[in-house]
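See structure below.
In my numbering, the protein residues as written are 120 to 437.
Here it is in structure tokens:
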């Protein structure tokens, strides 16, 4: 009788162990739970896919899109006939997996007319939903208009930053010191190195974005706004970037690069002078300030003494 009870307990324990093992095997082999489907909101101009708590942001995009499109049409002098899809992601970790880089706050996929935005980083200066959407929409417009020749990465990003008030689509806390050193040393990328892609490391990525912005601003400052528009229009008409630059600026792309670097080196020389003579400059500034304070005190003292003399003379007047 006792032997029979032991056998039953043994079979029961074996069954429990098998059940537990099967449970863990099922957990390990089961496919991951799919993400919650995105909600949809659309107008006749744009479609917005969003995580369900972001319906207010989706509504904002629906409302602001016509104005942004009109601004880009005015800036680029092209009619925008796109009907893009904008995806708003609430979770920053999920967005990073999609973007493949922690510095990005948004990205565009021109082939699919798709814009993806990390909403958790919006409204944390300098980024706002409006300016980020404008930047990414500019990418879509450029690639929609320029289809037959490669669009250099530096030109693509530089123009997008120009149309969105100098704001890029990356976020980093180390850009100030990095760009300051690049300005002093003059160590920028060659244009052919940032024509197809940008570096993946954070420092290289930030520098490539900043260089792209500075170069487009240089073209506009020295050759006029129409110069950059003429380059884009020439590329739209099947001219590769080097030919388009030469047609618009009357110099080769190599000459453009050299003149831009020379312009940067002027600033670099000034920064080097300031960095090398910072203590002398501070001493001179302090000395001048001391002299100015002394002169001011003497003037006030003399004026105060003159006022007292006038009062005394007035008191003893007959």
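We treat Cβ as the ideally placed atom computed from N, Cα and C, and that holds for glycine.
Go through the stretch 145-223 residue by residue and report every complete run of the alpha helix (DSSP H) that reaches 4 residues or more, in order.
174-195 and 211-218
Specify whether the stretch 270-282 and the stretch 321-333 touch according to this definition: at least 3 beta carbon pairs, one from each stretch, less than 8 Å apart.
yes
Could you give the residue range of the beta strand (DSSP E) that holds residue 227?
Residue 227 sits at position 108 when you count from the first residue of the chain shown. Unbroken beta strand (DSSP E) run through residue 227: 225-228.
Can you tell which of 324, 272, 221 and 265 has its C-alpha closest to the C-alpha of residue 358?
Within the chain shown, the letter at position 239 stands for residue 358. Looking at the Cα atoms, 265 is the closest of the given residues.
Apply the 10 Å Cβ neighbour rule to residue 166 and answer buried if 16 or more other Cβ atoms are within range, or exposed otherwise.
Within the chain shown, the letter at position 47 stands for residue 166. Looking at its Cβ environment, which holds 16 or more other Cβ atoms inside 10 Å, residue 166 is buried.
Is residue 335 near the ligand SAH, with its Cβ less than 7 Å from a heavy atom?
Annotation note on the ligand SAH: not contained in the displayed structure, which lists no ligands.
Span separating the alpha-carbon of residue 344 from that of residue 421:
If you number the chain shown from 1, residue 344 lands on position 225. If you number the chain shown from 1, residue 421 lands on position 302. Taking the straight line from one Cα to the other gives about 57 Å.
I believe residue 468 touches residue 251 by the beta-carbon criterion, under 8 Å. Please report the beta-carbon distance rounded to the nearest angstrom.
Since the first and last residues shown for the chain are 120 and 437, residue 468 lies out of range.
Tell me, please, which residues DSSP counts as bridged to residue 234.
Along the chain shown, one-based indexing puts residue 234 at 115. According to DSSP, which records beta bridges pairwise, residue 234 is partnered with 205 and 227.
Could you tell me the distance, in whole angstroms, from the CA atom of residue 310 to the CA atom of residue 407?
Locating residue 310 in the chain shown gives position 191, counting from the first residue. Locating residue 407 in the chain shown gives position 288, counting from the first residue. Straight-line Cα distance between these residues: approximately 45 Å.
Pick out whichever of 177, 373, 353 and 371 has its Cα sitting closest to the Cα of residue 268.
Your numbering for residue 268 matches position 149 in the chain shown. Residue 268 has its Cα closest to that of 353, out of 177, 373, 353 and 371.
The alpha helix (DSSP H) with residue 354 in it runs from where to where?
As a first step, residue 354 is located in the chain shown; it is residue number 235 there, counting from the start. Residues 344-355.
Nearest to residue 200 by alpha carbon, out of 163, 206 and 228?
Your numbering for residue 200 matches position 81 in the chain shown. The shortest Cα separation from residue 200 among 163, 206 and 228 belongs to 163.
Per DSSP, the bridge partner or partners of residue 371:
Mapped onto the chain shown, residue 371 falls at position 252. Its beta-bridge partners do not exist; DSSP assigns none.
Closest to residue 440 by CA distance: which of 220, 320 and 285 is it?
Limits of the chain in this structure are 120 at one end and 437 at the other, which puts residue 440 out of reach.
For residue 248, collect the residues of the same chain with a Cβ closer than 8 Å to its Cβ; drop the 5 residues on either side in sequence, then sort them by chain order.
As a position in the chain shown, residue 248 is number 129, starting the count at 1. 176, 179, 180, 183, 236, 238, 241 and 242, listed in sequence order.
For residue 378 and residue 388, the rounded distance between their alpha carbons:
In the chain shown, counting from the first residue as 1, residue 388 sits at position 269. In the chain shown, counting from the first residue as 1, residue 378 sits at position 259. Unreliable placement is indicated for residue 388, whose pLDDT of 42 sits below 50; no coordinate value is reported for it.
Span of the alpha helix (DSSP H), counted from its first residue to its last, around residue 261:
Residue mapping note: residue 261 aligns to position 142 of the chain shown, counting from 1. Note, residue 261: alpha helix (DSSP H), 248-264.
Own chain partners of residue 203 with C-beta closer than 8 Å, once the 5 adjacent residues on each side are dropped:
Reading the chain shown from its first residue, position 84 is the one you call residue 203. Hits under 8 Å: 165, 166, 232, 233, 234, 256 and 259.
If you follow the alpha helix (DSSP H) that residue 278 is part of, which residue opens it and which one closes it?
Position 159 of the chain shown, counting from 1, holds the residue named residue 278. Where residue 278 is concerned, the enclosing alpha helix (DSSP H) stretches over 272-282.
Alpha carbon of residue 273 to alpha carbon of residue 307, nearest angstrom
As a first step, residue 273 is located in the chain shown; it is residue number 154 there, counting from the start. As a first step, residue 307 is located in the chain shown; it is residue number 188 there, counting from the start. About 12 Å.
On the three-state DSSP scale, how would you describe residue 289?
Mapped onto the chain shown, residue 289 falls at position 170. For residue 289, the secondary structure class from DSSP, reduced to helix, strand or coil, is strand.
Do residue 196 and residue 253 count as a contact pair if the criterion is CB distance below 8 Å?
Position 134 of the chain shown, counting from 1, holds the residue named residue 253. Position 77 of the chain shown, counting from 1, holds the residue named residue 196. It is not a contact, given that the beta carbons lie outside the stated cut-off.
Could you round the C-beta distance between residue 372 and residue 350 to whole angstroms and report it? I think they count as a contact, below 8 Å.
Here residue 372 is taken as the residue at index 253 of the chain shown, counted from 1. Here residue 350 is taken as the residue at index 231 of the chain shown, counted from 1. 10 Å between Cβ atoms; not a contact.
State the beta-bridge partners of residue 243 as determined by DSSP.
Sequence index remark: in the chain shown, residue 243 carries index 124 (1-based). In the DSSP output, where bridge partners are listed per residue, residue 243 has 246.
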